[in-house]
Each structure stands twice: as structure tokens, then as C-alpha cells.
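S.K.: In this note's numbering, the protein residues as written are 49 to 320.
To start, I am sharing the structure in question, which I have written as C-alpha cells.
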């Protein structure tokens, strides 16, 4: 799920919630009016209950709106700080490895547990209800490549494997794309690939990623107690002229830079 889709969903939920509150208040107000007009004879406790429902609903809605309004600037400020930290990290990686910063990109993913209404025994059986990684931030100073439309689960791609094993994962896509001819790969040929090559991706996902990225390094985002809450990934575009010289991101100093940025991201709340 992308950032825009997430915001649209929140907006729809917000509208739905306000409609529900409005209907509830209308029903309670109608009940109160009917009782006061003696059109509806009900027990004595119903009138106070209707008044309480109206007051509580209005109060809750106002409090919720006030909290969102107060927190919005703080949340935006923390997000801007996190974004600047990621940009700074990309600039440092580019400088240390002699890469154009425009060819580097980063994404922040937060762990989501899927719909709350889904029974735990079913969450792992269906793709749309399984725990997944939601992209909460994307930083790329160039317009291309575009974000990959992949729903990341444990063990899927370098990002999903990082989540699964709770350790940094590096993937050098360039030689795989060249050897397998990703664009012309058939489904039968794809099914015969080793797991460490296809990394639990579908054929369409494999084609998309192998064609766009030369390599990727994903590191876990953790709380101070060690609990993983997300993943920070850095990728190098396949268009880079230096990618044929070997992996550029598989270096301890690069991993350290990304890990440091991941710690700042966790504190900023971007993965909350």
C-alpha cells in the first residue's frame, strides 16, 4: 500500500466515522424530542441516556479533532527531520562510494499486522490479510525509477528477508538480470530458478525489480529493546554506469550509515 492509498483510506475512515457520529446524534436527539413531546412513552432512564449519548458523541468527536490538530505539526516536523536524515545518509553514501546521489534511493517500511478482524489462524493463508510492510516514506532525488508495486511479506525480496531474519540483507540484481534475461523470462523458466534468485517474488515483480535496480541493501529498524518495527532500504538504480564494476553498497561503512539512519527513523515515529 502506497502513501497516497494510505492517506485515502484514512480520509475515508474519517468521513465514515463522522457520518456514524452524526447519525448517532440524530437518533439520540430524535429519541429525546419524542420523549419530551410525550409521543413515545419509555422508561424514565431513556431520556437521560439519550442526552448522555448526544453529549458523549459530540465530546469525543471534538476531542479527537483537537488531538489530531495538535499532533499534526509535531508529526510533520518529525517526518521532515527523518526525511532530511535519510537524504543526508544518501549523500554520504554517494560521496563515500563515488556514486551520483541521483541514482540512489531509500524507502522506509513499517510492519503492519493486517486487518484486525482477521482470525490469527487465517492471517498467513491469504495474501491480503498476512502481516506486511507498508511503505511510509520514499526518498529519491530523481524521478526514476518509480516505486515498485510490491506487497512485502516476510521472506519476500531483500526487504522481506531483512524482516524475516532481523539482519541486514544485500542483493546484487545486475548479474541476475543479465544472466536470466529478466525481461524475456517465461513463467516456466522463472519457476525453475533457485529461491535465492527469485526470492519469493512473482514473475512480474521479478521482472520489474531486476530491470530497475542494480542492487539493494535493507537493514532492520528496531526499538531500543531490539524489537524490529520496520525496514530501511537503500537501492542503486540499474542505469548507473558504475554498476558493472561490482556491488557498491555491500560495504561495512555503508551498512553502518544506513543503520545509524534507521535508529533516527525509529525515534522519529515514521514506522509507528
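Every residue gets a Cβ at the ideal spot worked out from N, C-alpha and C, and that includes glycine.
All of these numbers come straight from a predicted model, not from anything done at the bench.
In this structure, how does DSSP classify residue 218 when only helix, strand and coil are distinguished?
M.R.: DSSP places residue 218 in strand when its eight states are reduced to three.
S.K.: If we define contact as Cβ-Cβ less than 8 Å, is residue 152 a contact residue for chain D?
M.R.: The chain labelled as chain D is not found in the depicted structure, where only one protein chain is given.
S.K.: Are the CB atoms of residue 267 and residue 234 within a distance shorter than 8 Å?
M.R.: No, Cβ-Cβ distance for residue 234 and residue 267 is not below 8 Å.
S.K.: Quick check on the burial criterion: 16 or more other C-beta atoms within 10 angstroms. Buried or exposed for residue 192?
M.R.: exposed
S.K.: Which residue from 248, 304, 254 and 188 puts its Cα closest to that of residue 20?
M.R.: The requested residue 20 is not part of the displayed model; the chain covers only 49 to 320.
S.K.: Only counting the same chain, and skipping five residues up and downstream in sequence, which positions put a Cβ closer than 6 Å to that of residue 137?
M.R.: 305 and 309
S.K.: Quick one, are the C-beta atoms of residue 252 and residue 264 less than 8 Å apart?
M.R.: no
S.K.: Restricting to Cα atoms, I'd like to know which of 179, 184 and 142 is closest to residue 131.
M.R.: 184
S.K.: Please check the pair residue 224 and residue 269, which I expect to be a contact at CB under 8 Å, by giving their CB distance rounded to whole angstroms.
M.R.: With 8 Å as the limit, residue 224 and residue 269 do not qualify as a contact, their Cβ atoms being about 26 Å apart.
S.K.: Confirm, please, whether the CB-CB distance from residue 256 to residue 316 is below 8 Å.
M.R.: no
S.K.: Let me check one thing: in DSSP terms, what residues is residue 316 bridge-paired to?
M.R.: Answer by DSSP bridge pairing: none, since residue 316 is not bridged.
S.K.: I need the straight-line Cα distance from residue 126 to residue 158, nearest angstrom please.
M.R.: 16 Å
S.K.: Between residue 200 and residue 258, how many whole angstroms is the CB-CB distance? I'm expecting something under 8 Å.
M.R.: With 8 Å as the limit, residue 200 and residue 258 do not qualify as a contact, their Cβ atoms being about 16 Å apart.
S.K.: In angstroms with no decimal places, state the Cα-to-Cα distance between residue 190 and residue 150.
M.R.: If you draw a straight line from the Cα of residue 190 to the Cα of residue 150, it is about 5 Å long.
S.K.: Would a C-beta distance cut-off of 8 Å place residue 279 and residue 210 closer than the cut-off?
M.R.: yes
S.K.: Rounded to a whole number of angstroms, what is the C-alpha to C-alpha distance between residue 50 and residue 243?
M.R.: Because the pLDDT of residue 50 is 49, which lies under 50, any placement of that residue in the model is unreliable, and the number read from its coordinates should be weighed accordingly. In a straight line, the C-alpha of residue 50 is about 27 Å away from that of residue 243.
S.K.: At which residues does the beta strand (DSSP E) containing residue 270 begin and terminate?
M.R.: 261–270
S.K.: Whole-angstrom Cβ separation of residue 142 and residue 187, contact assumed at under 8 Å?
M.R.: Actually they do not touch by this definition, with Cβ atoms about 13 Å apart.
S.K.: Going by other Cβ atoms of all chains shown within 10 Å of its Cβ, with 16 needed for buried, is residue 206 buried or exposed?
M.R.: Residue 206 should be labelled buried.
S.K.: Residue 200 bridges to which residues according to DSSP?
M.R.: 181
S.K.: Note down the Cα distance separating residue 161 from residue 204, rounded to an integer number of angstroms.
M.R.: 16 Å
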